[in-house]
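*Asks:* Residue numbers (our numbering), protein chains in the order written: chain A, 53 to 296; chain B, 9 to 157. Note that CB positions come from ideal geometry on N, CA and C, so glycine has one too. Okay, here's the structure, questions in a sec.
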């Protein structure tokens, strides 16, 4: 299982996930890194949770589907996505078709000129994402919801995409740190905005992590008055200095 | 001089014997890029992130300096980040780079970098951010947090 998340903000959508694929029985699970956020077709972002075989088959069929683009009406896109998922679950050749699988999909709707995100579940439900949405293992969803609860002063609709990346990253990594079984590894994220779709590279993720680190350090300074500056060290300083 | 040389000199300067966190490297080299009179190729390029300016080039150069044995990566208890700490080799390299700066008539820039190192090492995070935001508000446009002043 896994944790996937979507956050719709003022000018875009963030899609994120953990990066562990787990196999085996409860208590004896093995994990390996896997890509869960990607762009299966131009200008459409996807994150998956659940049975890998079914998820990959869905993504492949989505990539090959004809006439599906952000220019299409979103209700029509939703209907097409449901049909693709239904086809996957009806295909006897797919090993995990009977297992639970769910997706978060996002694109920039040209029709409405706004970012949209859809939470698609294998049971047939599909919910439009208004601010936050999560999928995957229930305990992970509960942890992520708790993490959001500590940031209620932040209104997602007011956030720019750059700001929303930080909030989404904090929620995801706080959730991963709770060590819920089946969730782990690095945070993966992708973004949708009017002009582009991006799966964020690890080099850029590092900058985002530093930003969250700084956010937390700043909070600690304000709340606890801690974190002396580096110059307060008692270690003998053997550094060099330029001549005056 | 290459931008990596300035980064290493920044680490070698006195002011933070236990090393600096990545944020202070970012902000320090940003202020250097803005203030020092050195060729463009000797500066990192920055984009405005949620906490002000950020350059991915600094991360990769810090990693290379660690791989080359010129800096030590020190885990920080209770934190996700590591500090980058100078060693004897860092100081020796720092002396060499200072000599090179002198040969290339870049001592004014070297002194500016030293002043920045002292500033960055003496400030708490909040003060450092205020300093950068005040001097370069154009790099605070994506900041998620309101300034305190």
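Quick one: list the residues of chain B neighbouring residue 146 (chain A), beta-carbon separation under 7 Å, in chain order.
*Replies:* Here the premise fails: no neighbours, minimum Cβ distance about 39 Å.
*Asks:* How would you label residue 155 (chain B), buried or exposed, when you count the other beta carbons within 10 angstroms and need 16 or more for buried?
*Replies:* Only weak support exists for where residue 155 (chain B) lies, its pLDDT of 46 falling under 50; the value from the coordinates is given anyway. Its Cβ having fewer than 16 others within 10 Å, residue 155 (chain B) is exposed.
*Asks:* For residue 226 (chain B), which residues in chain A fall below 7 Å Cβ to Cβ?
*Replies:* Chain B is shown only over 9 to 157; residue 226 (chain B) falls outside these bounds and no answer can be derived.
*Asks:* Closer than 8 Å, Cβ to any Cβ of chain B: which residues of the stretch 251 to 263 of chain A, in chain order?
*Replies:* Residues passing the 8 Å Cβ filter: 255, 256, 258, 259, 260, 261, 262, 263.
*Asks:* Can you list, in chain order, the residues of its chain with a C-beta nearer than 8 Å to that of residue 129 (chain B)? Leave out the 5 residues immediately preceding and following it.
*Replies:* Closer than 8 Å at the Cβ level, and outside the excluded window around residue 129 (chain B), lie 23, 24, 28, 32.
*Asks:* What whole-angstrom Cβ distance do residue 241 (chain A) and residue 140 (chain A) have, given they're in contact under 8 Å?
*Replies:* With a Cβ gap of about 25 Å, residue 241 (chain A) and residue 140 (chain A) do not count as contacting.
*Asks:* Using only the alpha-carbon positions, how far apart do residue 287 (chain A) and residue 74 (chain B) sit?
*Replies:* The alpha-carbon atoms of residue 287 (chain A) and residue 74 (chain B) are separated by roughly 21 Å.
*Asks:* Compare the C-beta of residue 266 (chain A) with all C-beta atoms of chain B and state if any pair is closer than 8 Å.
*Replies:* So, interface residue.
*Asks:* With residue 109 (chain A) as the anchor, note down where its alpha helix (DSSP H) starts and where it stops.
*Replies:* Its alpha helix (DSSP H) spans residues 104 to 116.
*Asks:* Within the chosen definition, does the stretch 251 to 262 of chain A reach the stretch 59 to 76 of chain B through at least 3 CB pairs nearer than 8 Å?
*Replies:* These segments touch.
*Asks:* Distance, Cα to Cα, residue 291 (chain A) vs residue 142 (chain B)?
*Replies:* Looking at the two C-alpha atoms, the distance is approximately 29 Å.
*Asks:* Helix, strand or coil for residue 72 (chain A)? Go by DSSP, reduced to three states.
*Replies:* Reduced to three states, the DSSP call for residue 72 (chain A) is strand.
*Asks:* Using CA atoms only, rank isn't needed, just tell me which of A:155, A:261, A:267 is closest to residue 169 (chain A).
*Replies:* Looking at the Cα atoms, A:155 is the closest of the given residues.
*Asks:* Comparing the C-beta of residue 161 (chain A) with each C-beta of chain B, is any distance below 8 Å?
*Replies:* Residue 161 (chain A) does not count as touching chain B.
*Asks:* Please list, in chain order, the chain B residues whose beta carbon lies closer than 8 Å to that of residue 220 (chain A).
*Replies:* Result: empty, since nearest Cβ-Cβ is about 11 Å, beyond 8 Å.
*Asks:* Taking C-beta to C-beta, are residue 236 (chain A) and residue 153 (chain A) nearer than 8 Å?
*Replies:* Contact flag unset, no.
*Asks:* Below 8 Å, how does it come out for the stretch 181 to 189 of chain A and the stretch 131 to 145 of chain A: are there three or more Cβ pairs, yes or no?
*Replies:* No, the stretch 181 to 189 of chain A does not touch the stretch 131 to 145 of chain A.
*Asks:* Under 8 Å, Cβ to Cβ, is there at least one residue of chain B near residue 288 (chain A)?
*Replies:* Yes - at least one Cβ of chain B is within 8 Å of the one on residue 288 (chain A).
*Asks:* Taking only beta-carbon positions, decide if residue 182 (chain A) is within less than 8 Å of chain B.
*Replies:* So, not an interface residue.
*Asks:* Going by DSSP, what residues sit across from residue 155 (chain A) in a beta bridge?
*Replies:* DSSP, once it has assigned bridges, lists A:100, A:172 as partnering residue 155 (chain A).
*Asks:* Using DSSP's beta-bridge definition, name the partner residues of residue 251 (chain A).
*Replies:* In the DSSP output, where bridge partners are listed per residue, residue 251 (chain A) has A:242.
*Asks:* With a threshold of 16 other CB atoms inside 10 Å of the CB of residue 219 (chain A), please say whether the residue is buried or exposed.
*Replies:* Buried.
*Asks:* If we count the other Cβ atoms within 10 Å of its Cβ and call it buried at 16 or more, is residue 34 (chain B) buried or exposed?
*Replies:* Looking at its Cβ environment, which holds 16 or more other Cβ atoms inside 10 Å, residue 34 (chain B) is buried.
*Asks:* Going along chain B in order, which residues have a C-beta closer than 7 Å to the C-beta of residue 269 (chain A)?
*Replies:* Chain B residues near residue 269 (chain A): 133.
*Asks:* Could you check the C-alpha separation between residue 282 (chain A) and residue 26 (chain B) for me, to the nearest Å?
*Replies:* For residue 282 (chain A) and residue 26 (chain B), the distance between alpha carbons rounds to 7 Å.
*Asks:* Roughly how many whole angstroms lie between the Cα atoms of residue 214 (chain A) and residue 55 (chain B)?
*Replies:* For residue 214 (chain A) and residue 55 (chain B), the distance between alpha carbons rounds to 12 Å.
*Asks:* Answer with yes or no whether the minimum CB distance from residue 71 (chain A) to chain B is below 8 Å.
*Replies:* Not one chain B Cβ lies under 8 Å of residue 71 (chain A).
*Asks:* Chain A beta carbons: is any one of them nearer than 8 Å to that of residue 31 (chain B)?
*Replies:* Yes, residue 31 (chain B) lies at the interface with chain A (some Cβ there is under 8 Å from its Cβ).
*Asks:* Taking the alpha carbon of residue 211 (chain A) as the reference point, which residue from A:196, A:232, A:245 has its own alpha carbon closest?
*Replies:* Comparing Cα-Cα distances from residue 211 (chain A) to each of A:196, A:232, A:245, the minimum goes to A:245.
*Asks:* Should the stretch 118 to 136 of chain B be called in touch with the stretch 11 to 23 of chain B, which here means at least 3 C-beta pairs below 8 Å?
*Replies:* In short, these stretches touch, since the Cβ pair count reaches three.
*Asks:* Could you name the residues that DSSP lists as bridge partners for residue 91 (chain B)?
*Replies:* Answer is B:82, bridged to residue 91 (chain B).
*Asks:* Does residue 81 (chain B) have its Cβ less than 8 Å from a Cβ in chain A?
*Replies:* For residue 81 (chain B), the answer is no, since every Cβ of chain A falls outside 8 Å of its Cβ.
*Asks:* Label residue 39 (chain B) either buried or exposed according to how many other C-beta atoms from any shown protein chain fall within 10 Å of its C-beta, with 16 as the threshold for buried.
*Replies:* Answer is buried; the Cβ neighbour count reaches 16.
*Asks:* For residue 56 (chain B), write down the residues that DSSP places opposite it in a beta bridge.
*Replies:* According to DSSP, residue 56 (chain B) bridges with B:61.
*Asks:* Counting only Cβ-Cβ distances shorter than 9 Å, please list the residues of the stretch 16 to 46 of chain B near chain A, keeping chain order.
*Replies:* Answer in chain order: 17, 19, 20, 21, 22, 23, 24, 25, 26, 27, 28, 29, 30, 31, 32, 34.
*Asks:* Suppose you measure from the CA of residue 119 (chain A) to the CA of residue 67 (chain A); what does that come to, to the nearest Å?
*Replies:* Straight-line Cα distance between these residues: approximately 24 Å.
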